[in-house]
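Enquirer: Numbering-wise (the numbering used here), the sequence shown opens with residue 790 and increments by one.
Where a beta carbon is used, it is the ideal one built from N, C-alpha and C, also for glycine.
Here you go, one structure.
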Amino acid sequence: MKKNLFIIVLIINVLSLIVVSCKKDKEPEPSYPPTVWYSPEPGVNGTLPEVILPSSLVDSVGEYFTIYAGENPPIFDGQFVSHPHVLLHTTVENDTIEVYNDRYIAFFGNNEYLDFYGKQWDDDYEAYYEEAYRKLYVVGTGDEFTCYYLTEGYPNGMYAKQSTVFSGKWNASYGGLKDFQVAVILLETSGNPNLAPEGSFRVLGDGDGLAQDTAWFGSKRAAVENVVVTDDDPFSMFRVK
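In C-alpha coordinates, the structure reads:
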(Lines of atoms letter the chains of each structure in order from A and count residues from 1; the text may use other names and numbers.)
(Lines give C-alpha, C1' and ligand atoms only; values in the text may rest on other atoms or scores of the structure.)
Protein backbone atom coordinates (compact mmCIF):
# COMPACT_ATOMS: atom_id res chain seq x y z
CA MET A 1 0.00 0.00 0.00
CA LYS A 2 2.83 2.39 0.93
CA LYS A 3 4.63 1.48 -2.28
CA ASN A 4 1.56 2.29 -4.38
CA LEU A 5 1.09 5.57 -2.57
CA PHE A 6 4.70 6.47 -3.24
CA ILE A 7 4.27 5.75 -6.96
CA ILE A 8 1.12 7.90 -7.14
CA VAL A 9 2.84 10.83 -5.43
CA LEU A 10 5.83 10.44 -7.75
CA ILE A 11 3.60 10.53 -10.84
CA ILE A 12 1.79 13.65 -9.59
CA ASN A 13 5.11 15.41 -8.99
CA VAL A 14 6.40 14.51 -12.46
CA LEU A 15 3.19 15.75 -14.09
CA SER A 16 3.42 18.99 -12.13
CA LEU A 17 6.97 19.51 -13.37
CA ILE A 18 5.86 18.92 -16.96
CA VAL A 19 3.02 21.46 -16.65
CA VAL A 20 5.33 24.06 -15.07
CA SER A 21 7.93 23.42 -17.78
CA CYS A 22 5.33 23.89 -20.56
CA LYS A 23 4.17 27.16 -19.03
CA LYS A 24 7.75 28.42 -18.90
CA ASP A 25 8.46 27.33 -22.47
CA LYS A 26 5.36 29.03 -23.91
CA GLU A 27 6.34 32.45 -25.22
CA PRO A 28 4.01 35.38 -24.63
CA GLU A 29 2.03 36.73 -27.57
CA PRO A 30 3.87 39.66 -29.20
CA SER A 31 2.29 43.05 -28.80
CA TYR A 32 2.61 46.02 -31.13
CA PRO A 33 1.77 49.71 -30.86
CA PRO A 34 -1.79 50.53 -31.95
CA THR A 35 -2.56 51.87 -35.41
CA VAL A 36 -2.31 55.68 -35.43
CA TRP A 37 -3.51 58.43 -37.75
CA TYR A 38 -2.24 62.00 -37.84
CA SER A 39 -1.87 64.94 -40.19
CA PRO A 40 1.62 66.52 -40.35
CA GLU A 41 1.99 70.26 -40.87
CA PRO A 42 2.10 71.49 -44.49
CA GLY A 43 5.35 72.31 -46.20
CA VAL A 44 6.56 75.72 -47.31
CA ASN A 45 3.87 77.88 -48.98
CA GLY A 46 1.15 75.33 -48.33
CA THR A 47 2.72 72.35 -50.10
CA LEU A 48 2.29 68.70 -49.15
CA PRO A 49 4.88 67.60 -46.59
CA GLU A 50 7.55 65.14 -47.74
CA VAL A 51 6.27 62.46 -45.36
CA ILE A 52 2.88 62.49 -47.15
CA LEU A 53 4.19 62.60 -50.72
CA PRO A 54 7.93 61.94 -51.04
CA SER A 55 9.69 63.88 -53.80
CA SER A 56 10.53 60.57 -55.49
CA LEU A 57 6.80 59.96 -56.07
CA VAL A 58 5.63 63.48 -56.94
CA ASP A 59 5.85 63.01 -60.71
CA SER A 60 4.32 59.52 -60.85
CA VAL A 61 1.43 60.31 -58.49
CA GLY A 62 0.95 63.80 -59.92
CA GLU A 63 0.43 62.36 -63.41
CA TYR A 64 -2.89 60.85 -62.27
CA PHE A 65 -3.81 62.84 -59.16
CA THR A 66 -4.32 66.61 -58.93
CA ILE A 67 -2.28 68.14 -56.12
CA TYR A 68 -3.19 71.65 -55.00
CA ALA A 69 -1.01 73.94 -52.90
CA GLY A 70 -1.38 77.30 -51.22
CA GLU A 71 -2.26 78.93 -47.94
CA ASN A 72 -5.78 80.13 -48.70
CA PRO A 73 -8.04 77.12 -49.35
CA PRO A 74 -11.85 77.40 -49.35
CA ILE A 75 -13.77 77.29 -46.08
CA PHE A 76 -16.62 74.81 -46.21
CA ASP A 77 -18.73 72.33 -44.26
CA GLY A 78 -20.42 69.69 -46.32
CA GLN A 79 -21.64 66.16 -46.85
CA PHE A 80 -21.09 64.49 -50.20
CA VAL A 81 -21.19 61.19 -52.08
CA SER A 82 -18.76 60.05 -54.74
CA HIS A 83 -21.00 58.18 -57.19
CA PRO A 84 -19.92 56.33 -59.17
CA HIS A 85 -16.70 55.90 -57.16
CA VAL A 86 -14.20 54.60 -59.68
CA LEU A 87 -10.59 53.49 -59.83
CA LEU A 88 -8.78 56.03 -61.98
CA HIS A 89 -5.28 54.56 -61.77
CA THR A 90 -3.43 51.83 -59.88
CA THR A 91 0.11 50.48 -59.72
CA VAL A 92 -0.96 47.37 -57.77
CA GLU A 93 -0.44 44.21 -59.81
CA ASN A 94 -3.60 42.36 -60.92
CA ASP A 95 -5.78 45.21 -59.63
CA THR A 96 -8.87 44.91 -61.81
CA ILE A 97 -11.74 46.50 -59.84
CA GLU A 98 -12.83 49.62 -61.68
CA VAL A 99 -16.07 50.64 -59.96
CA TYR A 100 -16.36 50.69 -56.17
CA ASN A 101 -19.26 51.11 -53.82
CA ASP A 102 -20.28 54.74 -53.22
CA ARG A 103 -17.90 56.68 -50.99
CA TYR A 104 -19.71 58.93 -48.51
CA ILE A 105 -17.64 61.82 -47.18
CA ALA A 106 -18.14 64.79 -44.89
CA PHE A 107 -15.80 67.69 -44.11
CA PHE A 108 -16.26 70.14 -41.25
CA GLY A 109 -13.79 72.88 -40.38
CA ASN A 110 -11.99 76.01 -41.53
CA ASN A 111 -9.21 76.95 -43.93
CA GLU A 112 -6.51 75.43 -41.69
CA TYR A 113 -8.06 72.18 -40.49
CA LEU A 114 -10.83 69.86 -41.62
CA ASP A 115 -12.48 67.11 -39.61
CA PHE A 116 -13.26 64.21 -41.91
CA TYR A 117 -15.89 61.50 -41.62
CA GLY A 118 -16.51 58.81 -44.22
CA LYS A 119 -18.15 55.48 -44.85
CA GLN A 120 -18.22 52.91 -47.63
CA TRP A 121 -19.99 49.57 -47.92
CA ASP A 122 -17.67 46.56 -47.63
CA ASP A 123 -18.99 43.58 -49.60
CA ASP A 124 -16.70 41.10 -47.79
CA TYR A 125 -17.88 42.06 -44.29
CA GLU A 126 -21.39 43.06 -45.39
CA ALA A 127 -21.16 46.22 -43.33
CA TYR A 128 -20.05 49.82 -43.68
CA TYR A 129 -16.35 50.55 -43.18
CA GLU A 130 -16.34 53.85 -41.31
CA GLU A 131 -13.62 56.42 -40.82
CA ALA A 132 -13.25 59.52 -38.68
CA TYR A 133 -10.21 61.78 -38.50
CA ARG A 134 -9.84 65.03 -36.64
CA LYS A 135 -7.83 68.10 -37.63
CA LEU A 136 -6.55 67.24 -41.07
CA TYR A 137 -4.40 70.05 -42.43
CA VAL A 138 -5.85 71.56 -45.60
CA VAL A 139 -3.98 73.54 -48.27
CA GLY A 140 -5.02 75.21 -51.51
CA THR A 141 -6.09 78.49 -53.06
CA GLY A 142 -9.47 79.91 -54.03
CA ASP A 143 -11.86 77.01 -54.62
CA GLU A 144 -9.06 74.38 -54.76
CA PHE A 145 -8.21 72.24 -51.74
CA THR A 146 -6.04 69.28 -50.76
CA CYS A 147 -6.12 67.64 -47.31
CA TYR A 148 -4.35 64.57 -46.03
CA TYR A 149 -3.42 62.20 -43.21
CA LEU A 150 -0.84 59.53 -42.47
CA THR A 151 -1.52 56.00 -41.19
CA GLU A 152 1.03 53.90 -39.28
CA GLY A 153 0.38 50.34 -38.16
CA TYR A 154 1.67 46.77 -37.92
CA PRO A 155 -0.19 44.50 -40.37
CA ASN A 156 1.01 40.92 -39.76
CA GLY A 157 3.26 42.32 -37.05
CA MET A 158 5.36 44.34 -39.51
CA TYR A 159 5.55 48.15 -39.49
CA ALA A 160 3.82 49.86 -42.42
CA LYS A 161 2.97 53.43 -43.35
CA GLN A 162 0.64 54.93 -45.93
CA SER A 163 -0.75 58.35 -46.74
CA THR A 164 -4.26 59.30 -47.85
CA VAL A 165 -4.78 62.53 -49.80
CA PHE A 166 -8.07 64.16 -50.86
CA SER A 167 -8.34 66.88 -53.47
CA GLY A 168 -11.07 68.77 -55.28
CA LYS A 169 -12.76 72.12 -55.73
CA TRP A 170 -15.56 73.59 -53.65
CA ASN A 171 -17.86 76.49 -54.24
CA ALA A 172 -21.44 76.80 -53.05
CA SER A 173 -22.58 77.06 -56.65
CA TYR A 174 -21.07 73.70 -57.65
CA GLY A 175 -23.58 71.54 -55.79
CA GLY A 176 -20.79 69.38 -54.42
CA LEU A 177 -17.06 68.72 -54.71
CA LYS A 178 -15.85 69.26 -58.23
CA ASP A 179 -13.10 66.96 -59.59
CA PHE A 180 -13.08 65.00 -56.31
CA GLN A 181 -10.21 62.52 -56.02
CA VAL A 182 -8.48 60.48 -53.33
CA ALA A 183 -5.00 58.98 -53.55
CA VAL A 184 -3.72 56.29 -51.20
CA ILE A 185 0.06 55.79 -51.24
CA LEU A 186 1.93 52.89 -49.63
CA LEU A 187 5.10 54.42 -48.21
CA GLU A 188 6.73 51.71 -46.06
CA THR A 189 6.16 47.96 -45.63
CA SER A 190 9.24 46.62 -43.80
CA GLY A 191 9.37 44.00 -46.54
CA ASN A 192 5.96 42.57 -45.67
CA PRO A 193 5.34 39.86 -48.33
CA ASN A 194 1.56 40.26 -47.94
CA LEU A 195 1.62 43.87 -49.14
CA ALA A 196 2.32 45.45 -52.51
CA PRO A 197 5.77 47.03 -52.99
CA GLU A 198 6.63 50.34 -51.36
CA GLY A 199 5.67 53.27 -53.55
CA SER A 200 2.50 51.58 -54.82
CA PHE A 201 -0.54 53.84 -55.06
CA ARG A 202 -4.15 54.00 -56.10
CA VAL A 203 -6.14 56.98 -57.32
CA LEU A 204 -9.93 56.93 -57.05
CA GLY A 205 -12.55 59.57 -57.71
CA ASP A 206 -16.04 60.47 -58.76
CA GLY A 207 -16.73 59.04 -62.21
CA ASP A 208 -18.77 62.02 -63.43
CA GLY A 209 -16.49 64.64 -61.89
CA LEU A 210 -18.82 65.83 -59.12
CA ALA A 211 -19.23 64.35 -55.63
CA GLN A 212 -22.72 65.68 -55.05
CA ASP A 213 -24.13 67.35 -51.96
CA THR A 214 -25.91 64.59 -50.03
CA ALA A 215 -27.27 64.91 -46.48
CA TRP A 216 -26.22 61.43 -45.33
CA PHE A 217 -24.45 62.29 -42.09
CA GLY A 218 -27.51 63.15 -40.02
CA SER A 219 -26.61 65.87 -37.55
CA LYS A 220 -23.20 67.53 -37.49
CA ARG A 221 -20.94 66.11 -34.77
CA ALA A 222 -17.26 66.38 -33.94
CA ALA A 223 -15.15 63.72 -35.65
CA VAL A 224 -13.05 61.65 -33.26
CA GLU A 225 -9.29 61.33 -33.67
CA ASN A 226 -9.46 57.74 -34.86
CA VAL A 227 -11.61 54.64 -35.10
CA VAL A 228 -10.78 51.33 -33.47
CA VAL A 229 -9.97 48.94 -36.30
CA THR A 230 -7.52 46.08 -36.79
CA ASP A 231 -4.11 46.76 -38.32
CA ASP A 232 -5.13 44.92 -41.47
CA ASP A 233 -8.05 47.24 -42.27
CA PRO A 234 -6.22 50.47 -43.24
CA PHE A 235 -3.77 48.56 -45.45
CA SER A 236 -6.25 46.12 -46.99
CA MET A 237 -6.26 47.76 -50.42
CA PHE A 238 -2.57 46.91 -50.77
CA ARG A 239 -2.87 43.31 -49.63
CA VAL A 240 -1.63 40.92 -52.32
CA LYS A 241 -1.71 37.66 -50.34
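If PRO819 sits next to TRP959, beta carbons under 8 Å apart, how far is it from one beta carbon to the other, in whole angstroms?
Expert: As a first step, residue 819 must be located in the sequence shown, where it is residue number 30. As a first step, residue 959 must be located in the sequence shown, where it is residue number 170. That belief does not hold up - the Cβ atoms of PRO819 and TRP959 are roughly 45 Å apart, past 8 Å.
Enquirer: Is it buried or exposed for PRO982, if we count other Cβ within 10 angstroms and need 16 for buried?
Expert: Position 193 of the sequence shown, counted from the first residue, corresponds to residue 982. That one is exposed.
Enquirer: Shortest alpha-carbon distance to VAL954 belongs to which of ASP997, ALA858, PHE865 and TYR918?
Expert: Here residue 954 is taken as the residue at index 165 of the sequence shown, counted from 1. Nearest option by C-alpha distance: ALA858.
Enquirer: Note the first and the last residue of the continuous beta strand (DSSP E) segment covering SER849.
Expert: Taking the sequence shown and counting its residues from 1, the one referred to as residue 849 is at position 60. No beta strand (DSSP E) holds SER849; the alpha helix (DSSP H) holding it covers 847-851.
Enquirer: Taking only three categories from DSSP, how would you classify SER1025?
Expert: On the sequence shown, position 236 is the one that residue 1025 refers to. The answer is helix: DSSP assigns SER1025 an H, G or I state.
Enquirer: With three or more beta-carbon pairs closer than 8 Å as the criterion, would you say the region 986-997 touches the region 877-887?
Expert: With the cut-off at 8 Å, the region 986-997 and the region 877-887 touch.
Enquirer: Mind checking who ARG892 pairs with in its DSSP beta bridge?
Expert: For the purposes of this step, residue 892 is taken as residue 103 along the sequence shown, with counting starting at 1. Per the DSSP secondary-structure output, ARG892 pairs in a beta bridge with SER871 and GLN909.
Enquirer: How about ASN861 and ASN834: do their beta carbons lie closer than 8 Å?
Expert: Within the sequence shown, numbered from 1, the residue matching residue 861 stands at position 72. Within the sequence shown, numbered from 1, the residue matching residue 834 stands at position 45. No, the pair does not count as a contact, with Cβ atoms beyond the cut-off.
Enquirer: Quick check on DSSP: helix, strand or coil for ALA1004?
Expert: Position 215 of the sequence shown, counted from the start, is the residue given in the question as residue 1004. Assigned with DSSP and collapsed to three states, ALA1004 falls in coil, not helix or strand.
Enquirer: Is ASN945 a contact residue of the ligand COA, with contact defined as CB to any heavy atom under 7 Å?
Expert: Absence of the ligand COA is noted for the structure shown, with no ligands found whatsoever.
Enquirer: For the region 904-913 against the region 830-848, do three or more pairs of beta-carbon atoms, one drawn from each stretch, fall closer than 8 Å, so that the two count as touching?
Expert: no
Enquirer: With a threshold of 8 Å, are at least 3 pairs of Cβ atoms found where one atom belongs to the region 995-1008 and the other to the region 918-929?
Expert: no
Enquirer: How about VAL781 and TYR902: do their beta carbons lie closer than 8 Å?
Expert: Here the chain comprises residues numbered 790 to 1030, so residue 781 is not present and cannot be evaluated.
Enquirer: State the CB to CB distance for the pair LEU975 and PHE1027, rounded to an integer number of angstroms; the pair is presumed to be in contact (CB under 8 Å).
Expert: As a working mapping, residue 975 is identified with position 186 in the sequence shown. As a working mapping, residue 1027 is identified with position 238 in the sequence shown. Between PHE1027 and LEU975 the Cβ distance is about 5 Å, and since that is below 8 Å, they are a contact.
Enquirer: Does the beta-carbon of TYR821 have 16 or more other beta-carbons within 10 angstroms, so that it is buried, or is it exposed?
Expert: Your numbering for residue 821 matches position 32 in the sequence shown. Exposed, by the Cβ-count rule.
Enquirer: Helix, strand or coil for SER962? Go by DSSP, reduced to three states.
Expert: Sequence index remark: in the sequence shown, residue 962 carries index 173 (1-based). In the structure shown, SER962 sits in a helix (DSSP, three-state: H, G or I).
Enquirer: Helix, strand or coil: which one does DSSP assign to ASN945?
Expert: Position 156 of the sequence shown, counting from 1, holds the residue named residue 945. It is helical.
Enquirer: What's the gap between the Cα of GLY832 and the Cα of PRO838?
Expert: Position 43 of the sequence shown, counted from the first residue, corresponds to residue 832. Position 49 of the sequence shown, counted from the first residue, corresponds to residue 838. If I take the Cα positions, the gap works out to 5 Å.
Enquirer: On the DSSP bridge assignment, give the partners of GLY929 in chain order.
Expert: Position 140 of the sequence shown holds residue 929. Paired residue(s): GLU860.
Enquirer: Quick one: what's got a C-beta closer than 8 Å to ASP891's C-beta in the same chain, skipping five residues either side?
Expert: As a position in the sequence shown, residue 891 is number 102, starting the count at 1. Once the five neighbours on either side are set aside, the close Cβ partners of ASP891 are VAL870, SER871, HIS872, PRO873, HIS874, GLN909 and TRP910.
Enquirer: Just tell me which of HIS878, TYR889 and ASN945 has its CA closest to the CA of ASP1022.
Expert: The count along the sequence shown starts at 1 and reaches residue 1022 at position 233. The option with the nearest alpha carbon to ASP1022 is ASN945.
Enquirer: By a C-beta neighbour count over all protein chains shown, 10 Å radius and 16 as the cutoff for buried, is ALA1004 buried or exposed?
Expert: Numbered from its first residue, the sequence shown carries residue 1004 at position 215. Flag for ALA1004 reads exposed.
Enquirer: Kindly indicate the opening and closing residues of the beta strand (DSSP E) around GLY994.
Expert: By 1-based counting over the sequence shown, the position of residue 994 is 205. The continuous beta strand (DSSP E) containing GLY994 extends over residues 990-995.
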